[in-house]
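Taking this note's numbering, the leading residue of the sequence shown gets -15, the next gets one more, and so forth.
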Amino acid sequence: MNRTRHVLAVVGLVLALLFAPVASGPVGAATTATPANETETAGAATTAQQQEASTNSTVSLVETNVTDGSSFEYELGAYDRIENFSVELTGSVTREDDVDSGTVTSDGEALPVSIAGTMEPTGPAGGEPELTLTAETRTVSSEFGGGDETVGLYGRWDSEIRITQPPSTIGSVRTYHSTSGGSGAVVDVYIVEEGPDRTYGEGTLVREGWEVPNREGWQTIDIDEYATNSSTITVEFVTVEPINSSFETSVDSRQWDSQTRASWSGNLLSKPLPLEVVSAGPRDVSVTADDGTNVSFGSFGTDETSKTQPLDLSTNATELTVNYTGDNTIEWSLAYTERTGSVNPSVSVNGNRLNASRTLADGETVSFTPDPSWVREGTNTVAVDLDESALSDDAPAPAVDLRYTHDVVVEPTPTPSATPSPTPELDDSDDSDGGGGGGGGGAPAPNDDEDDDGDDGDDGDNDDDSDNDAVDVSDEEDDGDDGSSGGGGGGAGSSGGGGSGASLVDDDTTDASAASATATATPTPEAAATATQASTRTPAGTVVTDVSFEPSRISTNVQAVVVVTVRNPQTVSDTHPVELELEGQLVKTQDVTVPAESTASVQFAFEFANPGTYTARVDDETATVTVVEPEEGTPTAASTSTQFPGFTPLTVVLAVCVLSALAWRRRD
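Rendered as structure tokens:
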């Protein structure tokens, strides 16, 4: 008899296991929601940290020929840190063309020059300064001629002309004449230091056999240079063969007076003859600078009026001295290019200075790694200074090339997802407490170790709980709440349970009041720096700009995430309260700090036990989600279910066979 009872007990146990429901779904979740006319709400609790990649932008200021006192500004929004901070100063040369000039009237005269800058000057003469000398010849004239009368030379008739105050050195003689019939004359030219005396061919022969051109006008007679030692000289023209040669010059009778300094003396006439004597060019010309530089120009020939030479001067040169022989005047011109290097450049970042502490050569670079803490949110100022204290006013202003760069890193704060609060606010007005364990309309069961009540709220005990709540409030232990199967018989609920409603399923036991979703700063265009002035606009306050469900259609076993976006247009950071409502009931309040001129987002995750359409609201922004049965919903949960213990029919049949065999063996 005992054996039979044991066999029957085992068979009953196996059958019970065979028909026991297999529960699936998220751990601690009621798998089947009851039809709903009631509303349940839940808060949000942090369950996961979603990591996002950091956002980098780069500040880059690259400027050339930056002068003393220049500054640049750029704006930065909120950021987490500064990386790869680098400043480079590269030497550059500023240039300015200049010309010094003047007149030398005597040998040994000093000429002032003013070469400014910090570097040796350059110039057009192969990269060196260029000095040009132009000699002015002195001309002494009889002051007569070009008139309406003529005098002539015929045959052996000779002539002489007086010149007073002649040049110290005579290089040529010029006369004006007109021609008449006959062949051209051939003339010897003499200079004697006395007045005319009708004696010809005396003195010094300075030109032999000059052939008079057969044309009218001024004629230049090049002679051997003659150095005079008297205030009066006479130029003599002596005709040579052939006997029949002729030479005719014009005179101006209107210019004749007793004060003439030149006179014609010949066999027939005594009238003024137009005549000029021209000084020779300067000889043995040299120039010396007071920095030790010197250059020789030599002597100027008859046809030379200008000469040019390079002059390798330094910035120490202040004057030039010209030495030469002759009574000429000399015009001089010095062309050069002044140069200034980068004199002791420095750069400051918001008042923090970096010094090169020396003058940088052209192209020379000095690098710095500034402290990233010098950079700040808002306006940043980069200033450049150079030392001009030792420069003259006419020197080229010094300059330097600047390269300033750093990365701005915005590190996203982990974005929280949230699940419903374990303390939902339920409306039990229609709860008949006719739970599955106690028949229809039963009274609520007290908290005990084996709770089989059918009310809508879990008793919240910490032991093996088998209530049939529409919303599972997760216990400390693994309870066996089953909202899909009826308990006892005759309950008023649709599944033998109590009140029905659209239920939110909590995946976490964290109290909603302990949730702390942290704002994630989203870089805005202000995070990228531009060299510009700070804005003076007055923005509005911080506001919620968007609320959305992700995804907007789910099944009852898939999470929906509410994303709330907050915008702060102000120039300072601000904290804004996010008050999330579901179906008109406040389920979560979270303070979100938003950096200046940036946005931040916060997320809350929910599962809904019952199909339906649910609305979330924050401030004036709303969003809806559609919840359907698993076979209708998209997307579906692929890997979030947990299988509760149970046996398949095959397992049960095998167990029955084994137990029956054992029973018959014992009986035998």
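Virtual Cβ for every residue (Gly too), placed ideally from N, Cα, C.
### Task
For the beta strand (DSSP E) containing Ser373, list its first residue and its last residue.
Position 389 of the sequence shown, counted from the first residue, corresponds to residue 373. Element bounds for Ser373: n/a, residue is neither H nor E.
### Query
At which residues does the beta strand (DSSP E) containing Asp82 begin and terminate?
In the sequence shown, counting from the first residue as 1, residue 82 sits at position 98. Its beta strand (DSSP E) spans residues 78 to 88.
### Query
Cα separation between Ala379 and Asp287?
By 1-based counting over the sequence shown, the position of residue 379 is 395. By 1-based counting over the sequence shown, the position of residue 287 is 303. Their Cα atoms are separated by approximately 40 angstroms.
### Query
Considering only residues of the same chain and omitting the five flanking positions on each side of Thr597, which have a CB-CB separation below 8 angstroms?
Taking the sequence shown and counting its residues from 1, one reaches residue 597 at position 613. Correct list, in chain order: Thr608, Val609, Thr610, Val611.
### Message
I need the DSSP call for Ser680, collapsed to helix, strand or coil.
### Response
Any question about residue 680 goes unanswered here, given that the chain covers just -15 to 652.
#### Entry: Start-to-end residues for the beta strand (DSSP E) that takes in Ser582
Numbered from its first residue, the sequence shown carries residue 582 at position 598. Boundaries of the beta strand (DSSP E) harbouring Ser582: 582 to 592, taken from the DSSP string.
### Task
Specify the secondary structure class of Ile175 as computed by DSSP and reduced to three states.
As a first step, residue 175 is located in the sequence shown; it is residue number 191 there, counting from the start. Strand at Ile175.
### Task
On the DSSP bridge assignment, give the partners of Asp530 in chain order.
Here residue 530 corresponds to residue number 546 of the sequence shown, with the count starting at 1. Thr549, per the DSSP bridge assignment.
#### Entry: Proximity below 8 angstroms, CB of Val71 to CB of Asp84
Sequence index remark: in the sequence shown, residue 71 carries index 87 (1-based). Sequence index remark: in the sequence shown, residue 84 carries index 100 (1-based). No; because the gap between Cβ atoms is not below 8 angstroms, this pair is not in contact.
### Query
So, helix, strand or coil for Ala62, using DSSP?
In the sequence shown, residue 62 corresponds to position 78, counting from 1. Three-state result, Ala62: coil.
### Query
Where do the ends of the beta strand (DSSP E) carrying Val576 lie?
The residue given as residue 576 occupies position 592 in the sequence shown. Looking at the DSSP string, the run of the beta strand (DSSP E) that includes Val576 is 569 to 578.
### Message
Taking the alpha-carbon of Asp603 as reference, which of Val306, Phe69, Val368, Gln569 has the nearest alpha-carbon?
### Response
Working through the sequence shown from its first residue, we reach residue 603 at position 619. The option with the nearest alpha carbon to Asp603 is Gln569.
### Ile99, DSSP secondary structure in three states
One-based indexing of the sequence shown puts residue 99 at position 115. It is coil, neither helix nor strand.
### Length of the line joining the Cα atoms of Val262 and Thr343
Here residue 262 is taken as the residue at index 278 of the sequence shown, counted from 1. Here residue 343 is taken as the residue at index 359 of the sequence shown, counted from 1. Computed Cα separation, rounded: 55 angstroms.
### Task
Answer yes or no: do Thr272 and Thr305 have a C-beta to C-beta separation smaller than 8 angstroms?
Counting from 1 along the sequence shown, the entry for residue 272 is found at position 288. Counting from 1 along the sequence shown, the entry for residue 305 is found at position 321. Yes, the Cβ-Cβ distance between Thr272 and Thr305 is below 8 angstroms.
### Query
When the Cβ atoms of the segment 313 to 323 are set against those of the segment 93 to 112, are three or more pairs found closer than 8 angstroms?
Touching, yes, given that three or more Cβ pairs across the two stretches are closer than 8 angstroms.
### Message
Could you pull the DSSP bridge partners for Leu344 from this structure?
### Response
Here residue 344 refers to the residue found at position 360 of the sequence shown. Its beta-bridge partners are Ser326.
### Boundaries of the beta strand (DSSP E) in which Thr39 is found, first to last residue
For this step, residue 39 is matched to residue 55 along the sequence shown. Per DSSP, the unbroken beta strand (DSSP E) holding Thr39 starts and ends at 39 to 51.
### Query
Does DSSP put Asn213 in a helix, a strand or coil?
The sequence position of residue 213 within the sequence shown is 229, counting from 1. Coil, per DSSP.
### Query
What are the boundary residues of the beta strand (DSSP E) that includes Glu563?
The residue you call residue 563 lines up with position 579 of the sequence shown. From DSSP, the beta strand (DSSP E) with Glu563 extends over 558 to 566.
### Query
Where do the N-terminal and C-terminal ends of the beta strand (DSSP E) with Arg191 fall, by residue?
What you label residue 191 is simply residue 207 of the sequence shown in a count that begins at 1. Taken as a continuous stretch (DSSP letters only), the beta strand (DSSP E) holding Arg191 covers 188 to 195.
### Query
Does any C-beta atom of chain B lie closer than 8 angstroms to the C-beta of Ala109?
Absent from the structure is chain B; it holds one protein chain and no more.
### Task
Go through its chain and collect everything with a Cβ distance to Ala340's Cβ below 6 angstroms, but skip five positions before and after it.
As a first step, residue 340 is located in the sequence shown; it is residue number 356 there, counting from the start. The residues are Leu73, Pro329, Val350.
### Message
In the DSSP output, what is Pro294 paired with across the bridge?
### Response
Here residue 294 is taken as the residue at index 310 of the sequence shown, counted from 1. Beta-bridge pairing links Pro294 to Glu114.
### Query
Between Ala94 and Ser373, what straight-line distance do the alpha-carbon atoms span, to the nearest angstrom?
On the sequence shown, position 110 is the one that residue 94 refers to. On the sequence shown, position 389 is the one that residue 373 refers to. In a straight line, the C-alpha of Ala94 is about 29 angstroms away from that of Ser373.
### Message
I'd like to check one pair, Val196 with Leu145: are the Cβ atoms closer than 8 angstroms?
### Response
Start at 1 with the first residue of the sequence shown, and residue 145 comes out as number 161. Start at 1 with the first residue of the sequence shown, and residue 196 comes out as number 212. The sequence given here places Ile at residue 145; Leu does not occur at that position. It is not a contact, given that the beta carbons lie outside the stated cut-off.
### Message
Check whether the segment 579 to 593 and the segment 543 to 562 touch, using three or more Cβ-Cβ pairs below 8 angstroms as the test.
### Response
yes
### Query
Looking at the structure shown, is Tyr320 part of a helix, part of a strand, or coil, going by DSSP?
The residue labelled residue 320 in the question sits at position 336 within the sequence shown. Tyr320: strand per DSSP, three-state reduction.
### Query
Roughly how many angstroms separate the alpha carbons of Pro595 and Ser536, rounded to a whole number?
The sequence position of residue 595 within the sequence shown is 611, counting from 1. The sequence position of residue 536 within the sequence shown is 552, counting from 1. Those two C-alpha atoms are separated by around 13 angstroms.
### Task
Please name the residue, chosen from Val542, Thr555, Ser557, Leu564, that lies closest to Val531 on a Cα-to-Cα basis.
Start at 1 with the first residue of the sequence shown, and residue 531 comes out as number 547. Among Val542, Thr555, Ser557, Leu564, the Cα nearest to that of Val531 is on Leu564.
### Task
Consult DSSP for Gly155 and reduce its assignment to one of helix, strand or coil.
As a position in the sequence shown, residue 155 is number 171, starting the count at 1. Residue state, collapsed to three classes: strand.
### Query
Exposed or buried, which one is Val43 when buried takes at least 16 other CB atoms within 10 Å?
As a working mapping, residue 43 is identified with position 59 in the sequence shown. Burial call: buried.
### Task
With a 10 Å radius around its C-beta and 16 neighbouring C-beta atoms as the bar for buried, classify Pro561 as buried or exposed.
Counted from its first residue, the sequence shown places residue 561 at position 577. Exposed is the call here.
### Query
When you compare only the Cα positions, how much space is there between Ala544 and Ala589?
Position 560 of the sequence shown, counting from 1, holds the residue named residue 544. Position 605 of the sequence shown, counting from 1, holds the residue named residue 589. Each residue's Cα considered, the two are about 6 angstroms apart.
### Task
Spell out the partners DSSP gives Tyr388 in its beta bridges.
Here the question's residue 388 lines up with position 404 in the sequence shown. Looking at the DSSP output, Tyr388 shares a beta bridge with Leu45, Val71.
### Query
Whose C-beta lies closer than 7 angstroms to the C-beta of Thr289 among residues of the same chain, with five residues either side of it excluded?
Translated into positions along the sequence shown, residue 289 becomes position 305. Result list for Thr289: Thr118, Ala119, in chain order.
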